[in-house]
Amino acid sequence: MIDESIVVDLHSHTSASDGQLSPADLVARALHKGVGVLAITDHDTTAGLAEAHQFNQQQSNPLQLIDGVEISTRWHNFDIHIVALNVALDDQPLQDFLSNQRQLRQTRAEEIGARLAKAGIEGAYEGASALADGAALSRGHYARWLADNGYAVNPASVFKKYLARGKTGYVPNNWSDMATAISFIHQAGGVAVLAHPSGYKLSAKWLKRLVREFAQCGGDAIEVILGQQSIEDRNNLIALSKLNGLTASLGSDFHFPGSWIELGKNMFRPKDVQWVWQSDAWRAHGADMDSNLALSQ
Ligand code: AMP
Ligand code: MN
Ligand code: MN
Ligand code: MN
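For what it's worth, this note's numbering labels the leading residue of the sequence shown as 9, then goes sequentially.
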């Protein structure tokens, strides 16, 4: 039985994508930070989960580890991220879909490197690839390499200068649409969560439209509690979830130690909110997990 004192964090990254901790180190850190339920949600891959489970099972007081993945989709030229929770890792159609997503990542990464080289920045593709160390390339790897090599003071300003829409290294994405991603998630037994809805820098009108269309595409939940957000933002997201009949999720989107973002940090659970693990969708799709986890609160 999960009571209110258990810390739940349903969005995190490992070195299987653009996080900096190995899956085992991520689990160790989550345990150290007092997290009770953790979802690992790497970009377009579930490759980190086997190691995470193996390490977790060796612990005397293991986490409740949820199998997840964060899928990039395209909506009106925006990159919209959908977090899948409770997916069956051995679902072949989902794995084929993710494999195609990683192929799109690779093609895009090469194009980003070519555009940066044309602008006089040599070696970015090789540098980002070295940081990825076999993981599918993300703009996060480029941001780190460019910051490490003095092209901007930190990864966030790299984004502003080079990687955001309209900048030198920006390559228009070619991801699947939301409905396609959601249907793969569902048939793999998972629930679909709209990730960090306030992170897309949409106007209030477009954000409303995004949440409505996500729900119309079959989406189940939206993240309403993020690692860092204002009270107004949190209240707005809770209101949007209720307006659209979506349950609520929460996650830090942790990538690496040392920033303001931390595993389990600020993962408040307001009283009047229906959480994704309390939903019919969770029970319908993730029946095994439900009985394992008994996430009642
Ligand atoms: P991609 O999935 O390849 O488009 O890259 C998106 C990733 O880049 C995110 O998951 C973050 O890890 C990172 N990212 C996005 N925006 C920023 C930003 N403003 N500053 C630093 N990292 C960012
Ligand atoms: Mn990332
Ligand atoms: Mn994301
Ligand atoms: Mn993420």
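Note that beta-carbon positions come from the ideal geometry of N, C-alpha and C, so glycine has one too.
Query	Result
Other residues of its chain near Asp17: CB distance less than 8 Å, five sequence neighbours each side excluded	Ala38, Val43, Val45, Leu46, Ala47, Leu258, Gly259, Ser260, Phe262, Leu271, Gly272, Met275
Three-pair Cβ contact test at 8 Å for the segment 96 to 116 versus the segment 46 to 60	yes
Collapsed DSSP secondary structure at Arg291 in the structure displayed	helix
Supposed contact pair His21 and Gly27 - C-beta distance, whole angstroms, cut 8 Å	3 Å
Within 8 Å, strictly: CB atoms of Ser211 and Val232	no
Neighbour-count burial assignment, Ser107, 16 or more Cβ in a 10 Å radius	exposed
Buried or exposed (CB count within 10 angstroms, at least 16 for buried), Ile120	buried
Proximity to Asp288 [Cα-Cα], best of Ala247, His204, His194, Gln72	His194
Check: His19 C-beta below 7 Å from any heavy atom of ligand 4	yes
Residues sharing a beta bridge with Asp75, DSSP	Ile48
Whole-angstrom distance between Thr255 and Leu234, CA atom to CA atom	15 Å
Status (buried if at least 16 other CB within 10 Å, exposed otherwise) for Gln3	Nothing in the structure corresponds to residue 3, since the chain is present only between 9 and 305.
Three-state class that DSSP yields for Arg82 in the structure shown	strand
For Asn64 and Val35, the rounded distance between their alpha carbons	7 Å
Range of the contiguous alpha helix (DSSP H) that encloses Ser165	163 to 166
Endpoints, the beta strand (DSSP E) within which Ile246 is located	Ile246 -> not in any beta strand (DSSP E); alpha helix (DSSP H) instead, spanning 239 to 251.
Extent of the continuous beta strand (DSSP E) run through Ala117	It is not in any beta strand (DSSP E) - Ala117 instead sits in the alpha helix (DSSP H) that spans 100 to 126.
Pair within 8 Å by beta-carbon distance, Ala200 and Ile90	yes
Whole-angstrom C-beta distance between Ala143 and Ser25, which should lie under 8 Å	6 Å
With 16 other Cβ atoms within 10 Å as the buried cut-off, status of Ala203	buried
Option nearest Ser13 by Cα separation, candidates Leu171, Trp290, Arg291, Lys279	Lys279
Separation of Asn157 from Met186, as counted between CA atoms	36 Å
Closer than 5 Å: residues whose CB approaches a heavy atom of ligand 2	Asp26, Gly148
Beta bridge counterpart(s) of Ile233 as assigned by DSSP	Leu258
Cβ-based burial, Ser23 [other Cβ within 10 Å; buried from 16]	buried
Where the beta strand (DSSP E) through Asp310 begins and ends	Any answer about residue 310 is impossible in this case: the structure gives the chain only from 9 up to 305.
At least 3 beta-carbon pairs within less than 8 Å: the segment 118 to 134 vs the segment 73 to 81	no
Outcome for Arg173 when other beta-carbon atoms lying within 10 angstroms are tallied against a minimum of 16	exposed
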